[in-house]
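In the working numbering, the protein residues as written are 3 to 115. From the three backbone atoms N, C-alpha and C, an ideal C-beta is built for every residue, glycine too. This report refers to the structure that appears directly beneath it.
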């Protein structure tokens, strides 16, 4: 069985890896773009991994297609991230208030001198 040539359009993530945007069997000339290449590789079978999202990637050197599985953001993980961001903002707010109070005291001393 001969492999079918495909045209892969990708978004470059690194010098060696691209995120596959489209796979076209027989592209029209207007579908040929700078960030695309012809390959003779099969598309791998996607696996179902709990709480993970599959992203089709291409190795730009070997033209190998593979899936990269990235953890899906859950309500709990998003809540934790927002809580951490909120805590950092509160800490910065306290620092800013202390700086303002210090500047105010300096201005009062200069005004009374």
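Task: Any non-hydrogen atom of the ligand SAH within 6 Å of residue 115 CB - done: Inclusion of the ligand SAH in the displayed structure is not the case, the ligand content being empty and no account of it being possible.
Task: Which listed residue (39, 82, 96 and 65) has its alpha carbon closest to that of residue 46 - done: 65
- [ ] Check whether the Cβ atoms of residue 60 and residue 25 lie closer than 7 Å to each other.
- [x] no
Open item on the list: Among 37, 54 and 113, whose alpha-carbon lies nearest the alpha-carbon of residue 62?
Closed with: 37
Open item on the list: As a quick exercise: from 70, 9, 44 and 27, pick the residue whose alpha carbon is nearest that of residue 54.
Closed with: 70
Task: Rounded straight-line distance, which links the Cα of residue 100 to that of residue 84 - done: 24 Å
- [ ] For residue 109, count neighbouring Cβ atoms within 10 angstroms of its own Cβ and tell me buried if that reaches 16, exposed if not.
- [x] exposed
Task: Unbroken beta strand (DSSP E) run spanning residue 23, endpoints - done: 19-26
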